[in-house]
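A.B. asks: Please see the structure below; I have some questions.
Number of protein chains: 4
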Amino acid sequence: MAAALCLRGAARSLLGRGRRQCAGRVSLAAVCSRSMASKTPVGFVGLGNMGNPMAKNLMKHGYPLIIYDVFPEACKDFQDVGQVMASPADVAEKADRIITMLPTSLNAIEVYTGPNGILRKVKKGSLLIDSSTIDPSVSKELAKEVEKMGALFMDAPVSGGVGAARAGNLTFMVGGPEQEFAAAKELLGCMGSNVVYCGAVGTGEAAKICNNMLLGISMIGTAEAMNLGIRLGLDPKLLAKILNMSSGRCWSSDTYNPVPGVMDGVPSANNYQGGFGTTLMAKDLGLAQASATSTKSPILLGGLTHQIYRMMCAKGYSQKDFSSVFQFLREDENF
Amino acid sequence: MAAALCLRGAARSLLGRGRRQCAGRVSLAAVCSRSMASKTPVGFVGLGNMGNPMAKNLMKHGYPLIIYDVFPEACKDFQDVGQVMASPADVAEKADRIITMLPTSLNAIEVYTGPNGILRKVKKGSLLIDSSTIDPSVSKELAKEVEKMGALFMDAPVSGGVGAARAGNLTFMVGGPEQEFAAAKELLGCMGSNVVYCGAVGTGEAAKICNNMLLGISMIGTAEAMNLGIRLGLDPKLLAKILNMSSGRCWSSDTYNPVPGVMDGVPSANNYQGGFGTTLMAKDLGLAQASATSTKSPILLGGLTHQIYRMMCAKGYSQKDFSSVFQFLREDENF
Amino acid sequence: MAAALCLRGAARSLLGRGRRQCAGRVSLAAVCSRSMASKTPVGFVGLGNMGNPMAKNLMKHGYPLIIYDVFPEACKDFQDVGQVMASPADVAEKADRIITMLPTSLNAIEVYTGPNGILRKVKKGSLLIDSSTIDPSVSKELAKEVEKMGALFMDAPVSGGVGAARAGNLTFMVGGPEQEFAAAKELLGCMGSNVVYCGAVGTGEAAKICNNMLLGISMIGTAEAMNLGIRLGLDPKLLAKILNMSSGRCWSSDTYNPVPGVMDGVPSANNYQGGFGTTLMAKDLGLAQASATSTKSPILLGGLTHQIYRMMCAKGYSQKDFSSVFQFLREDENF
Amino acid sequence: MAAALCLRGAARSLLGRGRRQCAGRVSLAAVCSRSMASKTPVGFVGLGNMGNPMAKNLMKHGYPLIIYDVFPEACKDFQDVGQVMASPADVAEKADRIITMLPTSLNAIEVYTGPNGILRKVKKGSLLIDSSTIDPSVSKELAKEVEKMGALFMDAPVSGGVGAARAGNLTFMVGGPEQEFAAAKELLGCMGSNVVYCGAVGTGEAAKICNNMLLGISMIGTAEAMNLGIRLGLDPKLLAKILNMSSGRCWSSDTYNPVPGVMDGVPSANNYQGGFGTTLMAKDLGLAQASATSTKSPILLGGLTHQIYRMMCAKGYSQKDFSSVFQFLREDENF
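Residue numbers (numbering that gives the first Met the number 0), protein chains in the order written: chain A, 0 to 334; chain B, 0 to 334; chain C, 0 to 334; chain D, 0 to 334.
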């Protein structure tokens, strides 16, 4: 593996040097060609709700795309502007930088290590970036398999939903070798406004999971506190104001308040439409739960929070924004 | 009761006029004496860890004190500068503005309605401000009893600990008739930098309880998320930074982080000494629990949070700052 | 008080001796008079769903009744056969053995210590038995007040619902001085098949509260385990059978299974009609919660269980049997 | 696969007929040889605390053993009486009935599908019984792989600890095709007194997981109820008696009471030594949690229970019996 990595390193430094020279010699033609056509193509696997606008932002920054999605219709936006491949393996044959954006750990395993997976035809020195939100231990396993092939894997899950994906201001939390972070940032910066280095491979996923667990907890906490206060006679707006200038302050209280009428422009102001679906929150908390179990970390509130969002999914809230937990806590007849 | 309120109203307006007249007759000497020494005395019952520095701040603002504490030694700081009385009733006989600062609902009931309580000798038109953290339904009951005597009750619990009490920058959350808020603020403003009107009587307590419940929840959430992230390989400082720029951000993560080494000047940096004791947090959550039960408000996370702090009290954490829940979650052998 | 208790003891021992003689000398007349008219009247306060059939069972055993209920219509079944009084005080004037059956702690406080309460006219040596389910600390307070009047108080809450009340096979859990247990059992045995001595005053309530907390927990546990097993492919009847011969066995699994189709003659077989309403379970868990807080006993599962039943009450399950938690856990669309 | 299954079916029916003939022709010699030597050898993989006594019980019933354990020393008890192989594959080469008893899902996957796993050399028609406690979805996956090789897989986890394994009175919960249950029972009946058919493959694991989840919940519930009752003044033995004749009754209260002094011969009577370790309970609840997540079944109490046992493991209780949760709830200073 050491040898493979050396080879890969050599390949990449050549490539890197090439790019740097390109940026160095400034003739008009060079500038044109760099911004128009000289960029080497980037592979993109997984063109769903999130992957689709992300890939388009890469294109806008001048990267030709080599794409694949398990559902052919997902590729139709790209038929004229990108090359649609028949498998992840074929993408890997044509592109040495690939981004994957997949719904679950199992999908990621299939796309990387399956019979037609990336690893079947990956080129040595390739940079593979997985932006899926998956179990960090799966990221680590994939990284090992990728390294065996002389390529490099980084995990880079995103924070921010479809809107942020379209606007190109996602946050990426990146795990992998620090010396390769700049190369990853070059691509990720085309799709997000914030690209944060988190540490060794898997820590990008870890950071996302920990953040979302805390988010899920403080949202329910905010909903419980607001509901209790209202029943004790407090005006919701005033209570929110008091919390926000006190030690109860949190993102769920000051930026995304779950009580209708307290803030504008948030899902609670729009019948909990849009935003971050309860089913996605439940999925992320499932990952937190699995990570907590495997690392033997007690998550008393995190575990209960997971179950509450599960209950909500079972009670018709799966498509609503997760702040609808406020509605879930209220009496049926009153709301 | 309407009649009683009318009487009380009449009494107060008479009294008020008296005070205003006093303020009206403007000789230079009078002005001097008003600002220096002519301020009418203020009663203060309960001179414990919090009450002691609060009372001293009132004195600094020129208010002569009429004081009582059930423990005589608590009054010794005031022997030369205030009048020490033998009972709350005696305080009420001498002062028509009284502040009470007591540990529990039962203490408050005793001090107001007990055989030697304030109500035995309260003057019509008196303003009684209770800064204790107690059950809002008790505040409402006390307010009713006080009104029967033609006086006025407001609840005004504080946020901020002994340090803030000394520095005079507590936050007061005030419940009671809005037209009397200015009168209360005149006194409370001597002891705090922030005096917030919350609504009808009991809403001051309600706001405090709701804030502290959310604080208790988000602190445990932060501790769980930080602990999980560390076990997944993240650097604690980096993880805190990521949470604080993301949707997991809360006061417990960005101002009072529970992980040793992440921030300076917080209890976690000082072996969880000082700060807000776990036993006090458990007490406030007990009040939240009782209020939730009586108003039939579900508090799934609030209830579990209450129990976790109770467990901590049973495990030797009662005197440590409540952020020591991070330590509680870690393995014995590692910490 | 010691003197008063002595007097009371003397009065009762006279009475007791009289009864024993009556039972000893067996002439036909004696038997008749014992069963027909010689029994001294018993007071009964609170003739609701439970109190009504309990009082009737006392009558069937030959006890003349002196009754009171705050709702006059509740007394109409007894108009011809018992004396309807205008207040608890009047009941106490006419009867030296009184049973109270009231919905809440506050009602009990009012009936005993209110302006027209039992204690206004209670006779020395009276035996007052409270079968309400209330806070054990309230029972202890009432016992103290009753003792001050030279009378005796015992707490004797019941297990078993309206059906058991009608059939006369309730279980009574009795707290109070052991030497008076026989006297209490004489009356309680007319209404229940099981009269258990639990210890000092308050322990009857304590036993009931602890039992119902454990019942509430194991019912939800059973519902969760059955639901999980069914989703994993197990037949519900077979799973119940396996649990019942294994270490998961509990009353909720083997006697009152919450899954429709597993057992006959239980609420789950009848759309969760009848049985023990969720709102009553939530009330009992509220008492458990308050007792746990005041004794600083951690109840992690008990606290969460309390909140789950509260949620159910808020979601339309308040009138259904508490085993409907199984239905609550299922997806809306499937059930 | 259909063809493979037909082949397997043919092979097995030949085998089965052989065995049945053996049992049919009753000469003295036949009986002798059947009970002494004619039994075909059985493979056994995994000779740890549980596997060791289980294998010995098979031997006592006359089955020659072909064994393997990853730790050679685990095989030394069997060196003279069984054949020790170098890998699971080698076991499969020599035995067409194999029992596996392994600690985790990962171990099971390795033993069956690894490079030297059973499936490398498994004979068509073989019967493979896995008594490990693992994720039911893993059992299903293994069953599919085994079927592809023309063999048969059943899951048969056990209830009962090392003592029951030695005494040969384990309970087996068996999942797999019903027509093969008799063949499995022939072997399992040598090691257990209770062999229960649960349904399709994976339902054995499901039944065990559901039972243990309910057990874990009701044990904590019992500990909380007993602790609360004791603090409210009840005698522990009396409280246990009351619970056991009431609706709070469960295996944890009547057979395995967690309070020292209530029962003899249980771990609580022996400083929580022996019994079922907290770490094993936490493991089983981790499986329940994973199954609940994958089937989207809410387990509010199950999830919290999981976390409580995790906390206990982190606090020095990992090797104690799981009923030590009672001790965990008590104050440090009192216990």
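Glycine is no exception: its CB is placed at the ideal position from the N, C-alpha and C atoms.
Can you check whether the C-beta of M280/D is within less than 9 Å of a C-beta belonging to chain B?
C.D. replies: In the fourth sequence, the residue the question calls residue 280/D occupies position 281. Answer no: the Cβ-Cβ gap between M280/D and chain B never drops below 9 Å.
A.B. asks: Give me whichever residues DSSP pairs with N193/A in a beta bridge.
C.D. replies: Locating residue 193/A in the first sequence gives position 194, where the first residue counts as 1. Note: N193/A sits in a beta bridge opposite T170/A.
A.B. asks: What are the partner residues of S267/A, as DSSP defines its beta bridges?
C.D. replies: Within the first sequence, the letter at position 268 stands for residue 267/A. Its beta-bridge partners do not exist; DSSP assigns none.
A.B. asks: Quick one: list the residues of chain B neighbouring L299/C, beta-carbon separation under 8 Å, in chain order.
C.D. replies: Along the third sequence, read from residue 1 onward, the residue named residue 299/C stands at position 300. Ordered by position in chain B, the residues that pass the 8 Å Cβ test against L299/C are L303, Q306, I307 and M310.
A.B. asks: Under 6 Å Cβ to Cβ from V195/A, same chain only, skipping five residues before and after it: list those, please.
C.D. replies: Position 196 of the first sequence, counted from the first residue, corresponds to residue 195/A. Same-chain partners within the cutoff: M172.
A.B. asks: Compare the Cα-Cα distances from Q78/C to each of M310/C, N270/C, P87/C and L46/C and report the closest residue.
C.D. replies: Translated into positions along the third sequence, residue 78/C becomes position 79. Comparing Cα-Cα distances from Q78/C to each of M310/C, N270/C, P87/C and L46/C, the minimum goes to L46/C.
A.B. asks: Using a cut-off of 7 Å between C-beta atoms, extract the partners of Q288/C located in chain B.
C.D. replies: Along the third sequence, one-based indexing puts residue 288/C at 289. Those are Q288 and T292, listed as they occur along chain B.
A.B. asks: Chain D beta carbons: is any one of them nearer than 9 Å to that of K319/A?
C.D. replies: Here residue 319/A refers to the residue found at position 320 when the first sequence is read from its first residue. By this cut-off, K319/A is not an interface position.
A.B. asks: Taking all protein chains shown into account, decide if Q272/D is buried (16 or more other Cβ within 10 angstroms of its Cβ) or exposed.
C.D. replies: Locating residue 272/D in the fourth sequence gives position 273, counting from the first residue. Looking at its Cβ environment, which holds fewer than 16 other Cβ atoms inside 10 Å, Q272/D is exposed.
A.B. asks: Express the C-alpha separation of K122/B and I65/B in angstroms, rounding to a whole number.
C.D. replies: On the second sequence, residue 65/B is found 66 positions in, with the first residue counted as 1. On the second sequence, residue 122/B is found 123 positions in, with the first residue counted as 1. Taking the straight line from one Cα to the other gives about 15 Å.
A.B. asks: For V324/B and A91/A, I'd like the C-alpha separation in whole angstroms.
C.D. replies: For the purposes of this step, residue 324/B is taken as the residue at position 325 of the second sequence. For the purposes of this step, residue 91/A is taken as the residue at position 92 of the first sequence. Distance between the alpha carbons of V324/B and A91/A: 48 Å.
A.B. asks: Count the other CB atoms, across all protein chains shown, that sit within 10 Å of the CB of A222/D; report buried if there are 16 or more and exposed otherwise.
C.D. replies: Residue 222/D sits at position 223 when you count from the first residue of the fourth sequence. A222/D comes out buried.
A.B. asks: Roughly how many angstroms lie between the CA atoms of T294/C and G285/C, to the nearest whole one?
C.D. replies: In the third sequence, residue 294/C corresponds to position 295, counting from 1. In the third sequence, residue 285/C corresponds to position 286, counting from 1. Straight-line Cα distance between these residues: approximately 14 Å.
A.B. asks: Does V110/C pass the burial test, meaning 16 or more other C-beta atoms within 10 Å, or should it be called exposed?
C.D. replies: Counted from its first residue, the third sequence places residue 110/C at position 111. That one is buried.
A.B. asks: Between which residues of its own chain and G23/A is the CB-CB distance below 6 Å, once the five residues before and five after are set aside?
C.D. replies: By one-based count along the first sequence, residue 23/A stands at place 24. Bear in mind that the predicted position of G23/A carries a pLDDT of just 33, short of 50, making it too unreliable to give a figure here.
A.B. asks: Shorter than 9 Å from the beta carbon of A107/B to some beta carbon of chain C?
C.D. replies: For this step, residue 107/B is matched to residue 108 along the second sequence. Not closer than 9 Å to any Cβ of chain C, the Cβ of A107/B fails to qualify, so no.
A.B. asks: In the structure shown, what three-state DSSP assignment does Y111/A receive?
C.D. replies: The residue labelled residue 111/A in the question sits at position 112 within the first sequence. In the structure shown, Y111/A sits in a helix (DSSP, three-state: H, G or I).
A.B. asks: Mapping the DSSP letters down to three states, classify T277/C as helix, strand or coil.
C.D. replies: One-based indexing of the third sequence puts residue 277/C at position 278. T277/C: helix per DSSP, three-state reduction.
A.B. asks: With H, G and I counted as helix, E and B as strand and the rest as coil, what does DSSP make of V30/C?
C.D. replies: The sequence position of residue 30/C within the third sequence is 31, counting from 1. Confidence is the limiting factor: at V30/C the pLDDT is only 34, short of 50, which leaves the residue's position unreliable, though a coordinate-based value still follows. Helix.
A.B. asks: Just confirm the distance between the C-beta atoms of M218/A and F321/A, as a whole number of angstroms; I'd bet it's less than 8 Å.
C.D. replies: Translated into positions along the first sequence, residue 218/A becomes position 219. Translated into positions along the first sequence, residue 321/A becomes position 322. Indeed, because the Cβ distance is near 6 Å, the residues count as touching under 8 Å.
A.B. asks: Report the residue from G301/D, T278/D and M225/D whose alpha carbon sits nearest the alpha carbon of K314/D.
C.D. replies: Here residue 314/D is taken as the residue at index 315 of the fourth sequence, counted from 1. Residue T278/D is the option with its Cα nearest to K314/D.
A.B. asks: I66/D by DSSP, collapsed to three states: which one?
C.D. replies: Counted from its first residue, the fourth sequence places residue 66/D at position 67. In this structure, I66/D counts as strand in the three-state DSSP scheme.
A.B. asks: Unbroken beta strand (DSSP E) runs of length 3 or more, entirely within the segment 68-102 of chain B: which are they?
C.D. replies: Those beta strand (DSSP E) runs which fall completely within the segment 68-102 of chain B and span 3+ residues are 81-83 and 96-99.
A.B. asks: Determine the extent of the alpha helix (DSSP H) in which M310/D is found, giving its start and end residues.
C.D. replies: Here the question's residue 310/D lines up with position 311 in the fourth sequence. L299 to A313 is the extent of the alpha helix (DSSP H) around M310/D.
A.B. asks: List the residues of chain B whose Cβ lies closer than 8 Å to the Cβ of A224/C, in chain order.
C.D. replies: As a working note, residue 224/C is residue 225 in the third sequence. Within 8 Å Cβ-Cβ: nothing; A224/C doesn't reach chain B, min ~20 Å.
A.B. asks: Determine whether the Cβ of L328/A lies closer than 9 Å to any Cβ atom of chain B.
C.D. replies: For the purposes of this step, residue 328/A is taken as residue 329 along the first sequence, with counting starting at 1. Yes, its Cβ sits closer than 9 Å to a Cβ of chain B.
A.B. asks: Inspect the beta-carbon positions of Q82/D and P52/D and report whether they are closer than 9 Å.
C.D. replies: On the fourth sequence, position 83 is the one that residue 82/D refers to. On the fourth sequence, position 53 is the one that residue 52/D refers to. The answer is no: Cβ separation not under 9 Å.
A.B. asks: Closer than 9 Å, CB to CB, is Q20/B near chain D or not?
C.D. replies: Taking the first residue of the second sequence as position 1, residue 20/B is located at position 21. Low confidence applies here, because Q20/B scores a pLDDT of 33, under 50, leaving its location unreliable and the question unanswered by this model.
A.B. asks: Using DSSP with H/G/I as helix, E/B as strand and the rest coil, what is G260/A?
C.D. replies: As a position in the first sequence, residue 260/A is number 261, starting the count at 1. In this structure, G260/A counts as coil in the three-state DSSP scheme.
A.B. asks: To the nearest angstrom, how far is it from the Cα of A155/A to the Cα of A142/A?
C.D. replies: Counting from 1 along the first sequence, the entry for residue 155/A is found at position 156. Counting from 1 along the first sequence, the entry for residue 142/A is found at position 143. Cα-Cα distance, rounded: 12 Å.
A.B. asks: Which same chain residues end up closer than 6 Å to M280/D when comparing Cβ atoms and leaving out the 5 residues on each side of it in sequence?
C.D. replies: Here residue 280/D refers to the residue found at position 281 when the fourth sequence is read from its first residue. Once the five neighbours on either side are set aside, the close Cβ partners of M280/D are G215, Y308 and F321.
A.B. asks: Run through DSSP, which three-state label would G45/D get?
C.D. replies: Taking the fourth sequence and counting its residues from 1, the one referred to as residue 45/D is at position 46. Reduced to three states, the DSSP call for G45/D is coil.
A.B. asks: To the nearest angstrom, report how far apart A107/B and E177/B are at their CA atoms.
C.D. replies: Numbered from its first residue, the second sequence carries residue 107/B at position 108. Numbered from its first residue, the second sequence carries residue 177/B at position 178. Straight-line Cα distance between these residues: approximately 23 Å.
A.B. asks: Determine the direct distance from the alpha carbon of V41/C to that of S26/C, and round the result to whole angstroms.
C.D. replies: Stepping through the third sequence from its first residue, residue 26/C is reached at position 27. Stepping through the third sequence from its first residue, residue 41/C is reached at position 42. Unreliable placement is indicated for S26/C, whose pLDDT of 37 sits below 50; the coordinate value is still reported in the next sentence. About 25 Å.
A.B. asks: Please classify Q318/A: is it buried, with 16 or more other beta-carbons within 10 angstroms of its beta-carbon, or exposed?
C.D. replies: Translated into positions along the first sequence, residue 318/A becomes position 319. Exposed, by the Cβ-count rule.
A.B. asks: Rounded to whole angstroms, what is the Cα-Cα separation between R329/C and N226/C?
C.D. replies: Your numbering for residue 329/C matches position 330 in the third sequence. Your numbering for residue 226/C matches position 227 in the third sequence. The straight-line gap from Cα to Cα measures roughly 8 Å.
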